[in-house]
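Notes follow once the structure below has been shown.
In full-length UniProt numbering, the protein residues as written are 1 to 264.
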C-alpha cells in the first residue's frame, strides 16, 4: 500500500511494506528522510538489533516495536542492524499524523516484545483494545495489532466504535475470512465497525491488522512525506533539506563511524 493508492481509502494508514531477507537487510537500508507521518516497524520472524543514543540498545523480535514520529522532519535508517537470526521478516507501516502533530518534534521508541501487551492471540502494537493500552505514544483512535492464529483456531476482532478504516495483511500462512488470504496479500474491508472472524485452517496464520477512525484530511504527498496541506509539506521539505546538509557534514567528519544517529 502506498499513499497514492489504498492510502487514500484507509487513511490514517497510508503505507505498508512487507520486508523479507537475510541478515544483511538492515545494513542495505540507506539514510532517508520523513515528515508528517509516524513509522511503525514490527518483526514477524527473526530479529534485529537497535542502537539509539536516546533509547539505548536491545533486540526487536516478534512482538517488539520500533516507533518513530517524524513530525516536522527527520533523517534515519541506520538505527537498526542485523540481529542473531539468519533471516528477518516484518512490516513497516506509516500513519498520517493530524495537524497538531505533523510538524511536531521527533519522537522515537524501541520496545522489546515483553513490553507489548497481548490480548488473546494479538499483540497490541498501538492503540487500546478490551481494556488494554499499548505503551507506544501513538495518537488516539488508531489500533494496530500483530496476530498469530494457530492452525485449526479462529479469532474475532471487534473494532472500537468509530473505527471505520479496517484492513489486514498476511506475512505467513493462510487466513480465511471465510475468503482465503495468502501470504503477501492485503485485504481492505468495507467501512464500518463490524466484527470480523478470522480462521487459520491447516497452518498457523501470522498477520497484522489495523483499525482507526478515518483521517479527515487531504493527503499532500512528498517523496517520503505525507502532510495535511501543501504549506505544511513545503515547510517540512525545507527542514529536511537543512537536516540533510548537517547529516552530510557529519558523515564527512565521521567517515569511519559504523553508527549513525537519527538526525533531527
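Using N, Cα and C, we set each Cβ at its ideal position, and we do this for glycine too.
Length of the line joining the Cα atoms of residue 138 and residue 126: The residue you call residue 138 lines up with position 138 of the chain shown. The residue you call residue 126 lines up with position 126 of the chain shown. Roughly 6 angstroms separates the two Cα atoms.
Which of helix, strand or coil DSSP assigns to residue 212: For this step, residue 212 is matched to residue 212 along the chain shown. Three-state DSSP puts residue 212 in a strand.
For residue 28, the first and last residue of its enclosing beta strand (DSSP E): What you label residue 28 is simply residue 28 of the chain shown in a count that begins at 1. Run containing residue 28: none; DSSP gives neither H nor E here.
Cβ neighbour criterion (16 or more within 10 Å) applied to residue 159: As a working note, residue 159 is residue 159 in the chain shown. The residue is buried, with at least 16 neighbouring Cβ atoms inside 10 Å.
C-alpha gap between residue 174 and residue 206, whole angstroms: Numbered from 1 along the chain shown, position 174 holds the residue referred to as residue 174. Numbered from 1 along the chain shown, position 206 holds the residue referred to as residue 206. Answer to the nearest angstrom: the Cα atoms are 8 angstroms apart.
Residues that residue 45 bridges to, as DSSP identifies them: Counting from one through the chain shown, the residue named residue 45 turns up at place 45. According to DSSP, which records beta bridges pairwise, residue 45 is partnered with 89.
Alpha-carbon to alpha-carbon, residue 154 and residue 108: Taking the chain shown and counting its residues from 1, one reaches residue 108 at position 108. Taking the chain shown and counting its residues from 1, one reaches residue 154 at position 154. Going by the C-alpha atoms only, they are around 34 angstroms apart.
Beta-carbon gap between residue 172 and residue 183 smaller than 8 angstroms: Looking up residue 172 in the chain shown gives position 172. Looking up residue 183 in the chain shown gives position 183. Contact: yes.
8 angstroms contact criterion, which residue 41 and residue 94 should meet: CB distance rounded: Working through the chain shown from its first residue, we reach residue 41 at position 41. Working through the chain shown from its first residue, we reach residue 94 at position 94. About 10 angstroms separates the two Cβ atoms, so there is no contact after all.
Residue 10 in three-state terms, based on DSSP: Numbered from 1 along the chain shown, position 10 holds the residue referred to as residue 10. Looking at residue 10 - three-state DSSP - the assignment turns out to be helix.
Complete alpha helix (DSSP H) runs within the segment 140-227 (minimum length 4 residues, chain order): none
Any 3 or more C-beta pairs closer than 8 angstroms across the segment 14-30 and the segment 80-89: yes
At least three beta-carbon pairs within less than 8 angstroms, the segment 161-171 to the segment 198-215: yes
Enclosing beta strand (DSSP E) for residue 111 [first to last residue]: In the chain shown, the residue the question calls residue 111 occupies position 111. Note, residue 111: beta strand (DSSP E), 107-111.
Three-state secondary structure (DSSP) of residue 239: As a working note, residue 239 is residue 239 in the chain shown. Reduced to three states, the DSSP call for residue 239 is helix.
Range of the contiguous beta strand (DSSP E) that encloses residue 124: If you number the chain shown from 1, residue 124 lands on position 124. Run containing residue 124: 122-126, per the beta strand (DSSP E) assignment.
Minimum C-alpha distance to residue 192 - residue among 9, 1, 3, 2: Position 192 of the chain shown, counting from 1, holds the residue named residue 192. Nearest of 9, 1, 3, 2 to residue 192, Cα basis: 9.
Simplified DSSP assignment, three categories, for residue 131: The residue you call residue 131 lines up with position 131 of the chain shown. If DSSP states are grouped into helix, strand and coil, residue 131 belongs with coil.
With 16 other Cβ atoms within 10 Å as the buried cut-off, status of residue 69: Counting from 1 along the chain shown, the entry for residue 69 is found at position 69. Burial call: buried.
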